[in-house]
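Undergrad:
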Amino acid sequence: MLRTALTIGVAASAFLVCLLILLGILDERLTTQTLITSALMAIIPLLVIVPTFLWLDRYEAEPARYIVFAFLWGALVAVVGAFFLNTFGLKLLVEARWTDPLETGAVYLAPITEETLKGLGILLIYLLRRREFDGIIDGIVYGGLIGAGFAFSENILYLGQAYNEYGGEGLTSTFLVRGLMGPFGHPLFTALTGIGIGVAVTARRPAVRVVAILTGWFCAMLLHGLWNLTALAGMDGFFAAYVTYQVPLFLAFVGFLFWLRRREGRLMGRYLSPYADAGWLTHAEVTMLSNLQLRRAARAWARQNGGRPAKQSMDAFQDSASDLALLRSRLVRGTAEEGASEREMVLLEAITAHRRDFVGSPVT
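By the working numbering, the letter at position 339 of the sequence shown is numbered 339, and the numbering carries on one by one without gaps.
#1: So, I195 versus I136, is the Cβ gap smaller than 8 Å?
#2: Is the distance from the Cβ of T113 to the Cβ of G89 below 8 Å?
#3: Say whether the segment 317 to 334 touches the segment 285 to 297, bearing in mind that this needs 3 or more beta-carbon pairs closer than 8 Å, one atom from each stretch.
#4: Considering Cα atoms alone, identify which of E337, V332, S320 is closest to I351.
#5: From what residue to what residue does the alpha helix (DSSP H) around L260 run?
#6: What number of angstroms, rounded off, separates the C-alpha of R299 from the C-alpha of M221?
#7: On a Cα-Cα basis, can you pick out the residue from R129, T99, E165, V79 that is closest to T31?
#8: Rounded to whole angstroms, what is the Cα-Cα separation between T4 and L128?
#9: For A162, which three-state DSSP category applies?
#10: Whose C-beta lies closer than 7 Å to the C-beta of N86 among residues of the same chain, with five residues either side of it excluded?
#11: Could you check whether the Cβ of V141 sits closer than 8 Å to any Cβ belonging to chain B?
#12: What residue range does the alpha helix (DSSP H) around P183 cover?
#13: Quick one: residues in its chain with C-beta nearer than 7 Å to the C-beta of A212, no 5 flanking neighbours on either side, listed in chain order?
#14: Among R308, K311, L40, F15, which one has its Cα closest to the Cα of G74?
#15: Among S341, E344, F358, L257, which one has its Cα closest to the Cα of R303?
#16: From I8 to Q33, what does the alpha carbon distance come to, in whole angstroms?
#17: So what's S290 in DSSP terms, helix, strand or just coil?
#18: To the nearest angstrom, how far is it from the Cα of F250 to the Cα of T215?
#19: Check for me: the alpha helix (DSSP H) holding G121 runs from which residue to which?
#20: Is it buried or exposed, G179, if we count other Cβ atoms within 10 angstroms and call 16 or more buried?
#21: Around the C-beta of I146, are 16 or more other C-beta atoms found within 10 angstroms, so that it is buried, or is it exposed?
#22: Would you check whether the ligand PLP has a heavy atom nearer than 7 Å to the C-beta of I112?
#23: Note down the Cα distance separating Y158 from L331, rounded to an integer number of angstroms.
#24: State whether the segment 34 to 52 contacts the segment 260 to 277, with contact taken as three or more CB pairs (one from each stretch) at a distance under 8 Å.
#25: At which residue ranges does the segment 168 to 208 contain complete alpha helix (DSSP H) runs of 4 or more residues, listed in the order of the chain?
#26: Let me check understanding here. Comparing Cα to Cα, which of M41, R131, A162 lies closest to R343?
#27: Mind checking whether I125 and A82 have CB atoms under 8 Å apart?
#28: What number of angstroms, rounded off, separates the C-alpha of H186 from the C-alpha of R308?
#29: Classify L281 as helix, strand or coil using the three-state DSSP reduction.
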C-alpha cells in the first residue's frame, strides 16, 4: 500500500512538473485563443486512436490507472524531454556547421530521442506491473497510447505554429496532414517498440529478450525517420509516399491487430481447457470466454437475471478467467513469476466465488 501511494505520488509530481514546463513552452509560442483552438483540434484524432487500442485489449483490459499513465507519459514526459533534447541536438548541429541541420534533426535526431523516451515509458510500465504484462498485445496497447499522447501535445504545437505563420489555411492543411491523414504515426512507431518488449516478456533466454527490445526500438526509429523524410519531400513527394508506403503500412498494421485479437481468443480457449478437464470450469464456459460476442451475451444474461450485482460478478468472473489463461500461458512457457502456482489457486477460487454470485452454485 505504501509503495503504491509512493509510486502514485512520484508519478503525479513528475507529470505536474512536465505539464507546467509544457504550458510554458506553448505560452511562449501561442496565444490563449490559438492554444485552445489547437488543443480542441488535436483531440479529434484521439477519438479514433484511443478506442482502437482499447478495442484490441478487450479480453484482458489493462487497469485504467496504467492507461492514463501511458497517455500522460507520452503527452507530458516524452514530449518535454524530446523538446529539450531535440533543441540541444539541433544547436550542436548548427554550431558544427552541419549541412541542413533542420533536415538532419528531423530525419535522424528526432526519431532517436522521441522513440527512446516513448519506449522508456513502456519499460517503466512493465517494471511497475511485471506480473500482468503478458506480451505483444500489452506492448502494443501501451505503446500506442504513449504515442497517442505524444502526438496530441505535438499536434497542439504544430497546429498553433501553422496558424501563426499561415493563418486559417495553414491550420487546416496541417490538421489534414497530421490529424486526418497520419493520426496513427506516433502510435504506430511506439507500438513497434511495444512489440519488441512484448516478445521479450514471453522469451525465456536473456539474449532473445535483449535482441527483441533492440529490434523493436530500431524499427520504431527507422519507420519514424522514413516518415519524417517523406514530409520533407514536398507535397508531391509526400502524397506519393503516402499512397505507396504509409497507407499500405497502416493497413498491414490494422490487419495485424485483427489477427492478434482473434489469436488471443484462441489462446484463451487453449489455456483454459485444462481447467475444464479438471472440473474448475465447464467446456461451455471456456467457449464463452474465448469469444467476445459470447462474453457480451453472458454479461447481458447476468444483468437480465440478477441485476447489476450479477453483471458485476460476471465481469469479475471473466476478468479472473482471462488472468488465469494468461498466467497458464506463462507457466507453460516457463516464464511465470515467483508465486505463480499460488496465484493460480487464488484465481481459481475467485472464479468459483464469482460464479456462485451470479449463478447461485458452483459448477457441477
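Glycine included, each C-beta is placed from N, C-alpha and C at the ideal position.
TA: Let me spell this out:
#1: yes
#2: yes
#3: yes
#4: S320
#5: 247 to 277
#6: 42 Å
#7: E165
#8: 10 Å
#9: helix
#10: G105, L109, A110, T113
#11: Among the protein chains of the structure shown there is no chain B, as only one such chain exists.
#12: Element bounds for P183: n/a, residue is neither H nor E.
#13: G196, V199, A200, A203
#14: F15
#15: F358
#16: 33 Å
#17: coil
#18: 19 Å
#19: 110 to 128
#20: buried
#21: buried
#22: Ligands in the displayed structure: none, and consequently the ligand PLP is not present.
#23: 47 Å
#24: no
#25: 185 to 202
#26: R131
#27: no
#28: 39 Å
#29: coil
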